[in-house]
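Going letter by letter, the sequence shown gives residues 3 to 381 in the numbering used here.
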Amino acid sequence: MDFSTLGITTIFILFFSLLLGFFVLTVKTSNKKANKFLGIYFLIFAIHISVFFYSKYITLPPTLEMLRDHIAFFTSPLLFLYVISSIYSDFKLKPKHLLHLLPFGVQILIFLPRFYFANINTRSFLLENLNNTIEGKLSIIFGLFIAFFYLVTIFLELRKYKQLLLENYSNRSAFNYKWLYQLFILLSIIFCFSFFKQTYKIFGTDVEVLNIMRIILTLILLVFLTWIVLKSMYYPDLFRNINSEHTLARKILIKDHKTNKSEKDNKEDLNRLLKFMEAEEPYLDATITLQKLADKIEMSNREVSILINQNLNQHFFDFINQLRIKKAQKILSNSKNNQLTVQQIMYDVGFNSKSSFYTAFKKQTGLTPLEYRKSKPDS
């Protein structure tokens, strides 16, 4: 492979990245903050890979060339900020978010003594032999550490997000596990391939092989980013924005340990909750949330969350849908309701997704709704 192949590929990717970047930054959307992070990500990505195009025609000053390489350390923090700003409806940039500048700052410190403080000749020499220098190898190792750190951080945020949804919402249509799973899997693939490419930069000697790996990784990244943009455009509610003040039930228990109610009070509250659910059937409301239920029963959402998670050992999602399935079983068992279709029953008991209803029903009864109806003698 000669350089022209890499250059032509870079031109295509560069154009596409800039196009997507400006598109994301200018498109009208309800989640402008998340789009800004994603748009800046695209632009930085474009600047970082542009070297494979312009280096054939122009030579930048060593300092600018090195800074172009260093800005890659902004990409992982920007992707993380994109995820959390998509998840939390009340996300705001705070002074603590300045910590995400640390990877770039550390990278500058690594090269400070023998590059930024050195003369022009030393800078040029170090830049030309970058992969064989201590700074270059340390930079690669640090870059892999940062990428892995943010991969784990994004995974933990998505896991927390999933748990909060399960503890506060009752319908799967409110969130998308498949999307979260796909996002993490793709990020893991990118990290693994990046790990092999960076390792080869340290120990490999064939520039052609390294260029092939660069092209493949860049194309994977571009496909990934395009996928995110298309998902965001076609499915604007892909992330259900939740308030960052939502707290996981286990953390509430730890935080409120000293002020937890007595076992007697807990039993009284639990009985009150269960009687309310049986008498009023609030779960028939497809839009019921933990907050709505707490308001109806005149308790705090923290108390209701603890009652369900700690005393019943269930998420709010499972608690509500278990009651919905029991109601559906009751309707299906009554021959007077034979004129009702399964879809009608599904909506009547609070589900708004056929796949979710069938999955929950079979999980709880071992049968599909139709099989259950046929199994009843009087149906």
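C-beta atoms are modelled at their ideal positions from N, C-alpha and C, and glycine is treated no differently. Only a predicted model underlies this, so the values are computations on that prediction, with no experimental measurement involved.
Please name the residue or residues paired with residue i in a DSSP beta bridge.
{"i": "Tyr1", "result": "Lying outside 3 to 381, the shown extent of the chain, residue 1 is not represented and no answer is given."}
{"i": "Tyr171", "result": "Thr291"}
Compute the distance between the beta-carbons of residue i and residue j, then report whether it is under 8 Å.
{"i": "Phe147", "j": "Met68", "result": "no"}
{"i": "Leu158", "j": "Ser190", "result": "no"}
{"i": "His72", "j": "Gln109", "result": "yes"}
{"i": "Phe93", "j": "Lys34", "result": "no"}
{"i": "Gln366", "j": "Gln312", "result": "no"}
{"i": "Ile385", "j": "Phe76", "result": "Any answer about residue 385 is impossible in this case: the structure gives the chain only from 3 up to 381."}
{"i": "Ile322", "j": "Tyr285", "result": "yes"}
{"i": "Ile204", "j": "Lys164", "result": "no"}
{"i": "Ala288", "j": "Phe359", "result": "no"}
{"i": "Phe195", "j": "Leu219", "result": "yes"}
{"i": "Leu224", "j": "Ile15", "result": "yes"}
{"i": "Ser307", "j": "Phe319", "result": "no"}
{"i": "Ala149", "j": "Ser88", "result": "no"}
{"i": "Phe226", "j": "Leu188", "result": "yes"}
{"i": "Leu83", "j": "Ala48", "result": "no"}
{"i": "Gln331", "j": "Tyr374", "result": "yes"}
So that I know if they touch, is there some Cβ in chain B lying closer than 8 Å to that of residue i?
{"i": "Lys365", "result": "Among the chains in the structure shown there is no chain B, since it carries only a single protein chain."}
Taking the alpha carbon of residue i as the point to measure from, which residue in the options has its own alpha carbon closest?
{"i": "Pro64", "options": "Thr220, Lys203, Ile122", "result": "Ile122"}
{"i": "Val53", "options": "Phe76, Ile13, Asn133", "result": "Ile13"}
{"i": "Leu167", "options": "Leu219, Ala74, Tyr202, Thr291", "result": "Thr291"}
{"i": "Lys338", "options": "Lys378, Leu128, Ser358", "result": "Lys378"}
{"i": "Val26", "options": "Leu16, Phe17, Ile15, Lys38", "result": "Lys38"}
{"i": "Asn315", "options": "Met279, Leu272, Leu80", "result": "Leu272"}
{"i": "Thr228", "options": "Leu40, Ala36, Val29, Lys35", "result": "Leu40"}
{"i": "Arg125", "options": "Leu66, Ser78, Gln312", "result": "Leu66"}
{"i": "Ala74", "options": "Leu101, Gly107, Asp320", "result": "Gly107"}
{"i": "Ile136", "options": "Trp181, Asp208, Thr370, Ile112", "result": "Ile112"}
{"i": "Phe198", "options": "Trp181, Arg216, Glu210", "result": "Arg216"}
{"i": "Asn134", "options": "Tyr202, Ile42, Val29, Tyr90", "result": "Tyr202"}
{"i": "Glu270", "options": "Glu305, Glu283, Lys376", "result": "Glu305"}
{"i": "Asn173", "options": "Leu372, Lys376, Ser357, Lys364", "result": "Ser357"}
{"i": "Trp181", "options": "Val209, Glu210, Ile230, Leu103", "result": "Ile230"}
Pick helix, strand or coil for residue i, following the three-state DSSP scheme.
{"i": "Thr201", "result": "helix"}
{"i": "Thr291", "result": "strand"}
{"i": "Tyr59", "result": "coil"}
{"i": "Ser335", "result": "helix"}
{"i": "Leu312", "result": "Note on identity: in this sequence residue 312 is Gln, with Leu being the wrong assignment. Looking at Gln312 - three-state DSSP - the assignment turns out to be helix."}
{"i": "Thr261", "result": "The pLDDT assigned to Thr261 is 48, lower than 50, so where the model puts this residue is not dependable; a value taken from the coordinates is nonetheless given after this. The answer is helix: DSSP assigns Thr261 an H, G or I state."}
{"i": "Glu300", "result": "coil"}
{"i": "Glu283", "result": "coil"}
{"i": "Gly41", "result": "helix"}
{"i": "His317", "result": "coil"}
{"i": "Thr11", "result": "helix"}
{"i": "Asp71", "result": "helix"}
{"i": "Ser52", "result": "coil"}
{"i": "Gly206", "result": "coil"}
{"i": "Leu342", "result": "coil"}
{"i": "Gly352", "result": "coil"}
{"i": "Asn121", "result": "coil"}
{"i": "Leu276", "result": "helix"}
{"i": "Val211", "result": "helix"}
{"i": "Lys329", "result": "helix"}
{"i": "Lys269", "result": "helix"}
{"i": "Thr370", "result": "coil"}
{"i": "Lys96", "result": "coil"}
{"i": "Thr135", "result": "coil"}
{"i": "Val231", "result": "helix"}
{"i": "Val29", "result": "coil"}
{"i": "Lys378", "result": "coil"}
Do you know offhand how far residue i's Cα is from residue j's?
{"i": "Leu114", "j": "Pro105", "result": "14 Å"}
{"i": "Ile143", "j": "Phe24", "result": "32 Å"}
{"i": "Ala281", "j": "Arg274", "result": "11 Å"}
{"i": "Leu132", "j": "Tyr171", "result": "52 Å"}
{"i": "Gln156", "j": "Gln184", "result": "In the sequence as presented, Gln is not what sits at residue 156; that position holds Ile. Ile156 and Gln184: Cα-Cα distance of roughly 13 Å."}
{"i": "Leu129", "j": "Ser57", "result": "13 Å"}
{"i": "Ser141", "j": "Phe44", "result": "22 Å"}
{"i": "Phe186", "j": "Leu81", "result": "12 Å"}
{"i": "Ile408", "j": "Ala362", "result": "The question about residue 408 has no answer here: the residues shown for the chain are numbered 3 through 381."}
{"i": "Asn303", "j": "Ser355", "result": "26 Å"}
{"i": "Leu232", "j": "Lys329", "result": "39 Å"}
{"i": "Thr261", "j": "Gln341", "result": "The predicted model places Thr261 with a pLDDT of 48, which falls under 50 and marks its position as unreliable; any figure quoted below should be read in that light. Going from the Cα of Thr261 to the Cα of Gln341 covers about 52 Å."}
{"i": "Ile310", "j": "Ala296", "result": "12 Å"}
{"i": "Lys96", "j": "Gly9", "result": "40 Å"}
{"i": "Thr343", "j": "Gly368", "result": "20 Å"}
{"i": "Thr207", "j": "Arg70", "result": "24 Å"}
{"i": "Ser335", "j": "Thr370", "result": "13 Å"}
{"i": "Asn268", "j": "Gln293", "result": "19 Å"}
{"i": "Arg161", "j": "Tyr236", "result": "24 Å"}
Given the structure, does residue i come close to the ligand ATP, in the sense that its CB is under 7 Å from one of the ligand's heavy atoms?
{"i": "Asn315", "result": "As far as ligands go, the structure on display features none, and thus does not contain the ligand ATP."}
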